[in-house]
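Visitor:
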Amino acid sequence: MFSKSLTGKCQIMERQKNDREKQDHIVNYIKLYLILCALLRIAIPAQAMIYRPQTGAMWDPSVIWHDGKYYSFMMYNKDGRDGLKAKHCLVSSSTDGVHWMDEGIPIEERESARECRFFKCFVARCGDKFIMDHGVARPEGQDTLRFYESSDLKNWNYLFSSHPDTQWYVRKGRWDHMYIVPKEQGTSEAGYWGYAVATPKSGLPRAPGILQSPNGTDWEVLPPAEMKWGDTPQRDMEYGGCERVGGKYYLIGGADEYVSKGYSMYTLVSDGPLGPFMPDTEAYRLCGTTSKTVTWLAAWARARDELLISNYASFSSDKWRPSMLPLRKPVVDNDGHLRLGWWKGNEALKGKLLTLEKNKVELNTRDMESHYQIVYLNDVFDLDKGVVLEGRVNASPMALQQNSKAKPATGFVFEEGPKESYAIQLGIGQPEGREAHIGRLQTSAEGKLQFQSEDVTGKGCATVTGVENGKEHCFRLLVRQGMFELYIDDMLMQTYVYKPSSGKVGFVAHDANVIFKDLQGWDMSL
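FYI, the numbering for the sequence shown is 90 to 615, going by the numbering used here.
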């Protein structure tokens with residue numbers, strides 16, 4: 090008996106030894122892989138919708154195109170998990186605007202030793218050189234702009250620091266990142282305008298700070314932009330730049346707890362570069378959320394022969410380590426409203442074409458007690474890798490009883506559990522009064538589906554609020570690692586997050602007849 094017990098213990102010890110040796114081998118393989126990735130500059134997968142640094146945390150990327158590449162300059166906390174505690178600037182590059190790779194750290198905040206933080210930067214081409222300006226969060230306040238110069242976007246020379254001019258701006262108020270544009274399109278000879286985040290003195294309208302320069306290196310501070318807020322509540326904003334499109338100037342600014350609870354971007358329009366800027370009330374919220382923050386500060390981006398708009402977003406589980414989103418195409422409609430569209434360069438997101446079991450799904454809620462129907466695709470997608478789904482949708486409301494308060498909708502669902510899913514519900518009808526809701530769909534104890542709205546897109550939003558009755562629409566749905574982004578007819582509907590429990594994605598109808606057809610899917614190429 091003693092011999093058998095000893096033999097058993099020896100066998101266990103031998104297995105434990107073998108397990109430790111296997112674990113050591115695995116650790117060594119991982120270390121070798123990481124070293125090879127660093128030497129060969131191979132990107133290592135990180136939780137991101139599109140891109141975030143392999144280590145540390147970024148914040149507030151700004152994108153510019155030069156000499157065959159897109160460059161993204163961002164705040165960077167190289168040792169921590171909070172991008173707002175950045176002390177460096179990180180630059181990444183991409184040949185297609187979709188697949189990004191860390192390039193390196195070109196700048197460390199000059200006073201980082203005394204806990205000054207590197208804040209958002211903008212980079213602009215000024216003649217034959219590039220100018221970077223960035224904010225600095227000092228212990229004394231966020232009241233400093235620093236300027237750098239480069240000929241190649243890699244090596245930067247410090248020029249000077251700037252502070253608010255107390256004629257018009259609060260001395261200890263915010264004096265932060267400044268977007269630079271030529272005064273005349275296509276030429277540098279007329280000089281440049283600068284739109285800075287600023288705090289105008291009491292009695293002046295809330296507005297961006299205005300600067301001008303003949304060459305990009307010598308800057309004169311001017312009074313704030315002229316504003317006409319009308320009935321819209323005034324607010325100091327973080328500005329993502331101002332660009333001229335079709336003879337008008339579109340200023341975009343971001344704020345938290347303003348109009349809605351989540352961080353959102355807003356559009357103000359003017360006929361001239363110095364104003365008066367007025368809120369575009371019919372499409373004021375360019376993008377953003379109503380109850381919690383997902384997306385952050387969007388910014389104009391000068392790409393190759395076109396303007397784009399960049400943005401970034403946070404996963405629920407890692408709020409302070411956000412990732413870049415797909416670049417968007419700015420679209421000004423026939424009424425002069427700025428909206429966000431699908432950028433053709435994002436076709437590079439499509440990797441392997443998937444063979445779906447179904448290319449058509451029909452939903453009809455006529456006999457559904459809860460007025461809902463959900464149909465999941467039979468396919469299980471690799472959502473860590475990401476998937477792109479495209480197709481067409483045609484929806485019409487059910488014939489409702491008189492005095493019914495039902496609001497017909499259709500959309501998409503993402504499985505979160507056996508009796509729980511997250512849903513996008515697009516209103517069906519004319520744009521006026523139509524709303525899109527995002528929230529949780531749960532099965533009650535009585536077996537009925539119940540929807541709890543968390544995010545609303547409706548009146549005053551520039552993004553898509555739903556689909557028209559009986560009209561066929563195209564859709565593009567991007568899903569990756571608990572984040573999704575939806576486009577209807579190539580216009581942005583929303584970017585949001587959920588808690589994935591499986592690779593199941595499907596469709597939903599509420600008091601509606603709906604046909605989804607011509608369904609196609611691709612693995613993301615990231």
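Cβ atoms here follow ideal geometry from the backbone N, Cα and C, with glycine treated the same way.
Helix, strand or coil for Glu371, going by three-state DSSP, please let me know.
Guide: Glu371 falls in the helix class under three-state DSSP.
Visitor: With a CB to CB cut of under 8 Å and the five nearest residues on each side skipped, what residues in its chain are close to Asp254?
Guide: The answer, listed in chain order, is Val310.
Visitor: What's the gap between the Cα of Met367 and the Cα of Tyr338?
Guide: Cα-Cα distance, rounded: 10 Å.
Visitor: Looking at Arg263: is its Cβ nearer than 8 Å to the Cβ of Gln301?
Guide: The answer is no: Cβ separation not under 8 Å.
Visitor: Would the segment 416–424 count as touching the segment 556–571 if we require 3 or more Cβ pairs under 8 Å?
Guide: Because the criterion of three Cβ pairs below 8 Å is not met, the segment 416–424 and the segment 556–571 do not touch.
Visitor: Give the DSSP-derived three-state secondary structure of Glu535 in the structure shown.
Guide: Three-state DSSP puts Glu535 in coil, outside helix and strand.
Visitor: Would you mind stating whether Pro515 and Val556 have Cβ atoms separated by less than 8 Å?
Guide: Before going on, a small fix: residue 515 reads as Leu here, not Pro. A contact, by the Cβ cut-off of 8 Å.
Visitor: Looking at the secondary structure, which residues open and close the beta strand (DSSP E) in which Ser239 lies?
Guide: Unbroken beta strand (DSSP E) run through Ser239: Gly230 to Ser239.
Visitor: So, is Val553 buried or exposed, given that buried needs 16 or more other C-beta atoms within 10 angstroms?
Guide: Under this definition Val553 is a buried residue.
Visitor: At what residue ranges does the segment 288–332 contain a whole run of the beta strand (DSSP E), taking only runs of 3 or more?
Guide: Listed in chain order, the complete beta strand (DSSP E) runs (minimum 3 residues) inside the segment 288–332 are 298–302 and 309–311.
Visitor: Could you tell me the alpha carbon to alpha carbon distance between Pro294 and Gln256, rounded to whole angstroms?
Guide: Spanning the two alpha carbons is a distance of roughly 14 Å.
Visitor: So is Asp171 in contact with chain C if we call contact Cβ pairs under 8 Å?
Guide: Chain labels in this structure do not include chain C; a single protein chain is all it has.
Visitor: Please report the straight-line C-alpha distance between Glu238 and Ile196, rounded to a whole angstrom.
Guide: If I take the Cα positions, the gap works out to 11 Å.
Visitor: Going by beta carbon distance, what residues of the same chain come within less than 8 Å of Asp360, once the five residues before and after it are set aside?
Guide: Answer for Asp360: Gly336, Lys337 and Tyr338, listed in chain order.
Visitor: Is Gly292 near Met267, with beta carbons less than 8 Å apart?
Guide: Cβ atoms of Gly292 and Met267: not closer than 8 Å.
Visitor: Let me know the beta strand (DSSP E) ranges lying completely inside the segment 571–598, each 3 residues or longer, listed in chain order.
Guide: Counting whole runs of 3 or more residues, the segment 571–598 contains the beta strand (DSSP E) stretches 572–577 and 580–586.
Visitor: First and last residue of the beta strand (DSSP E) that includes Cys550?
Guide: No beta strand (DSSP E) contains Cys550, which DSSP labels as neither H nor E.
Visitor: What span of residues does the beta strand (DSSP E) with Trp245 cover, start to end?
Guide: That residue, Trp245, is in no beta strand (DSSP E); it is neither H nor E in DSSP.
Visitor: Looking at C-alpha atoms only, which residue of Ala388, Glu479, Gly430 and Asp424 is the closest neighbour of Thr444?
Guide: Of Ala388, Glu479, Gly430 and Asp424, the residue nearest in Cα terms is Glu479.
Visitor: Quick check: Leu575 and Ile517, are their CB atoms within less than 8 Å of each other?
Guide: Contact: no.
Visitor: Count Cβ pairs between the segment 384–391 and the segment 586–598 that sit closer than 8 Å; are there 3 or more?
Guide: Too few Cβ pairs lie closer than 8 Å, so no.
Visitor: Rounded to whole angstroms, what is the Cα-Cα separation between Ala314 and Ile577?
Guide: One C-alpha to the other measures close to 35 Å.
Visitor: Which residues does DSSP pair with Asp191 in a beta bridge?
Guide: Ser181.
Visitor: Could you please give the first and the last residue of the uninterrupted beta strand (DSSP E) stretch that includes Arg481?
Guide: Taken as a continuous stretch (DSSP letters only), the beta strand (DSSP E) holding Arg481 covers Val476 to Pro486.
Visitor: Am I right that Leu608 and Asn400 are in contact with their C-beta atoms under 8 Å? What's the rounded C-beta distance?
Guide: So it is not a contact: roughly 27 Å between Cβ atoms.
Visitor: Whose CA, out of Ser380, Gln136 and Glu371, lies closest to the CA of Arg428?
Guide: It is Glu371.
Visitor: Would you mind sorting Met316 into buried or exposed? The rule is 16 or more other CB atoms within 10 Å of its CB.
Guide: Buried, by the Cβ-count rule.
Visitor: With DSSP as the reference, please indicate the residues paired to Tyr258 in a beta bridge.
Guide: DSSP lists Pro289 as partners of Tyr258.
Visitor: Whole angstroms are fine: how far does the CA of Gly330 sit from the CA of Leu357?
Guide: For Leu357 and Gly330, the distance between alpha carbons rounds to 11 Å.
Visitor: Would you decide whether Ala488 is buried or exposed? Buried here means 16 or more other CB atoms lie within 10 Å of its CB.
Guide: Looking at its Cβ environment, which holds fewer than 16 other Cβ atoms inside 10 Å, Ala488 is exposed.
Visitor: Under DSSP, the beta strand (DSSP E) around Val450 begins and ends at which residues?
Guide: Start and end: Lys449 to Asn453.
Visitor: Compare the Cα-Cα distances from Gly547 to each of Phe236, Asp265, Trp431 and Gln583 and report the closest residue.
Guide: Gly547 has its Cα closest to that of Gln583, out of Phe236, Asp265, Trp431 and Gln583.
Visitor: Can you grab the Cα-Cα spacing for the pair Tyr355 / Pro312, in whole Å?
Guide: Near 22 Å, if we compare the C-alpha coordinates of Pro312 and Tyr355.
Visitor: Can you tell me the Cβ-Cβ gap for Arg170 and Trp409, rounded? I've got them flagged as a contact below 8 Å.
Guide: At roughly 6 Å, the Cβ-Cβ gap stays under 8 Å, so Arg170 and Trp409 are in contact.
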